[in-house]
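Note sheet for the following structure.
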Amino acid sequence: MKINTSCPVLVTGATGYIAGWVVKNLLDKGITVHAPIRNLSNKEKRAHLDELAENSSGQIKYFESDLLIENSYEEAMKGCELVIHTASPFVMDSKDPQKEVIDPALIGTQNVLKTVNEVESVKRVVLTSSVAAIYGNGVDAQSVDGGIFNESMWNTTSTATDGEYSYSKTIAEKEAWRINEEQKRWDLVVINPSFVLGPSLNSDAMFESKKFMLQMGNGDLKSGAPDVTMGMVDVRDVSKAHVIAGFNEKAKGRHILSGETHTLLEAGGFIKEKFGDKYPVPTRNAPKFLIWILAPFLGIKRNFVSKNIGYKIDFDNSKSIKELGIKYSPVKKAVVDFFQQFIDKGLV
Ligand code: NDP
Numbered sequence: 010m011k012i013n014t015s016c017p018v019l020v021t022g023a024t025g026y027i028a029g030w031v032v033k034n035l036l037d038k039g040i041t042v043h044a045p046i047r048n049l050s051n052k053e054k055r056a057h058l059d060e061l062a063e064n065s066s067g068q069i070k071y072f073e074s075d076l077l078i079e080n081s082y083e084e085a086m087k088g089c090e091l092v093i094h095t096a097s098p099f100v101m102d103s104k105d106p107q108k109e110v111i112d113p114a115l116i117g118t119q120n121v122l123k124t125v126n127e128v129e130s131v132k133r134v135v136l137t138s139s140v141a142a143i144y145g146n147g148v149d150a151q152s153v154d155g156g157i158f159n160e161s162m163w164n165t166t167s168t169a170t171d172g173e174y175s176y177s178k179t180i181a182e183k184e185a186w187r188i189n190e191e192q193k194r195w196d197l198v199v200i201n202p203s204f205v206l207g208p209s210l211n212s213d214a215m216f217e218s219k220k221f222m223l224q225m226g227n228g229d230l231k232s233g234a235p236d237v238t239m240g241m242v243d244v245r246d247v248s249k250a251h252v253i254a255g256f257n258e259k260a261k262g263r264h265i266l267s268g269e270t271h272t273l274l275e276a277g278g279f280i281k282e283k284f285g286d287k288y289p290v291p292t293r294n295a296p297k298f299l300i301w302i303l304a305p306f307l308g309i310k311r312n313f314v315s316k317n318i319g320y321k322i323d324f325d326n327s328k329s330i331k332e333l334g335i336k337y338s339p340v341k342k343a344v345v346d347f348f349q350q351f352i353d354k355g356l357v
């Protein structure tokens, strides 16, 4: 499906971490970006986007939209051939997961795609899903060939009360495929990133990737890190993948975006290697039983500890390399650049 670069591109959740880099990529190509955001009067939250637009050949136009308000993306979508739907709450410590995470993910996807069905100009939707829609917990790798997850797999273990965020991503992506399959005008291309790392274009924003990486340098894990293995990927590679998925006529289906797989200890090692002993990064793994006992005080569920600590996992990223042409940058660079931003802002 050919997408015209002279048409505006809608990016939902434009104020977000990943979306910021997607918007930058589009603006740098001279494209007009339609940016629906929750609160138009909050100029601070979009100041970095204004700056990106000023320094690029593209333009940005703002709209006020909320995932939970029906038809609220209609105005922003008019005239767009490409919709990049990134907005979805990435919150790991919500008090009411149904209301704060699951509903906005599912109802938001339904609302956005209902409008896609109504706005005739739309030809393609790129959806930011996650590897969380592919697997639920590290232990799931034991029932997978070689412990390697690929795009043919779905998370079958997370539920609305156990792994709520992963559940929200799974049901939202499934719903997107269901809605897409009911029609023929627009196609759906899905990006499934693993844990996204690297500098933010809004250095004042707080988001899950940043909370995680801050823990690496603020002393929280100094006495020992949980032995958790995660896929990790540079935010700049993820944003490129979204834009390629939007304009490459042949792009099709799901795409795992994951540069390398590391433990938290290894990620801490990248910081130590670059910055020496200046920061209290973890230097050893904490025993699983200790993390299990301390879990409530660390803000993690004991269930998570049981199902994720000590399991090795990996991802097959070959489709993103072959079909989207992604050349992964080293995760070490993403970690170091991210951490440097914290140093510059006095956060560590
Ligand atoms: P952010 O928290 O930075 O971005 C989330 C975006 O969703 C924000 O722009 C937020 O708007 C918007 N949003 C949340 N709720 C609503 C709502 N009710 N109405 C409108 N907009 C809403 O996180 P990320 O950039 O990390 O996440 C972006 C996407 O990438 C999400 O879909 C996430 O699941 C996915 N993802 C992230 C990964 C990661 O490691 N970071 C890994 C894999 C997938 P506002 O700014 O107003 O809060």
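The working numbering runs 9 ahead of the 1-based position in the sequence shown.
Glycine included, every Cβ here is placed at the ideal spot set by N, Cα and C.
Contact check, residue i vs residue j, beta carbons under 8 Å
i, j, result
"Glu63", "Leu136", "no"
"Gly255", "Val18", "yes"
"Val242", "Pro202", "yes"
"Val121", "Trp195", "no"
"Tyr176", "Ala185", "no"
"Lys341", "Phe279", "yes"
"Thr24", "Tyr82", "no"
"Leu36", "Leu77", "no"
"Met222", "Leu206", "yes"
"Leu58", "Ile69", "yes"
"Thr179", "Ala141", "yes"
"Glu217", "Val100", "yes"
"Gly155", "Gly172", "no"
"Leu274", "Ala234", "yes"
"Ile200", "Val247", "yes"
"Val125", "Lys87", "no"
"Val153", "Lys316", "no"
"Val31", "Thr118", "no"
"Val244", "Ile27", "yes"
"Asn297", "Val314", "A small fix is needed here, since residue 297 is Lys in this sequence, not Asn. Yes; because the gap between Cβ atoms is below 8 Å, this pair is in contact."
"Ser329", "Ala250", "yes"
"Ala260", "Val344", "no"
Residues that DSSP places opposite residue i in a beta bridge
i, result
"Asp243", "Leu206"
"His271", "Met239"
"Phe324", "Phe158"
"Thr41", "Gln68"
"Asn294", "Ala234"
"Leu136", "His94 and Val199"
Three-state secondary structure (DSSP) of residue i
i, result
"Gln192", "coil"
"Tyr337", "coil"
"Glu73", "strand"
"Ile330", "helix"
"Phe256", "helix"
"Ala85", "helix"
"Ile46", "strand"
"Ile111", "helix"
"Ile12", "coil"
"Leu35", "helix"
"Val314", "helix"
"Asp102", "coil"
"Asp171", "strand"
"Leu356", "coil"
"Leu197", "strand"
"Gly262", "strand"
"Leu19", "strand"
"Ile309", "coil"
"Val131", "coil"
"Thr124", "helix"
"Val92", "strand"
"Thr165", "coil"
"Thr118", "helix"
"Thr179", "helix"
"Asp229", "coil"
"Asp346", "helix"
"Phe216", "coil"
"Gly25", "coil"
Residues of its chain near residue i, where Cβ-Cβ distance is below 6 Å and the 5 sequence neighbours each way are ignored
i, result
"Pro289", "Gly228 and Lys231"
"Asn326", "Ile265 and Ser267"
"Leu91", "Ile12, Val18, Arg133 and Gly255"
"Asn159", "Asp325"
"Met162", "Ile143"
"Ile188", "Leu122"
"Ser103", "Glu109 and Val110"
Sequence-distant residues of the same chain with beta carbon closer than 7 Å to residue i, five excluded per side
i, result
"Arg311", "Trp301 and Ala304"
"Ala85", "Leu19, His43, Pro45, Phe72 and Ser74"
"Phe351", "Leu223, Gly226 and Val357"
"Met10", "Lys132, Arg133, Asp196 and Glu258"
"Ser212", "Gln350 and Lys354"
"Glu269", "Met241 and Val340"
"Asp346", "Gly207 and Pro208"
Other residues of its chain near residue i: CB distance less than 8 Å, five sequence neighbours each side excluded
i, result
"Gly277", "Met225, Leu230, Ala234, Val290, Pro291 and Thr292"
"Phe204", "Ser218, Phe221, Met239, Gly240, Met241 and Val242"
"Lys33", "Leu61, Ser65, Leu210 and Ser248"
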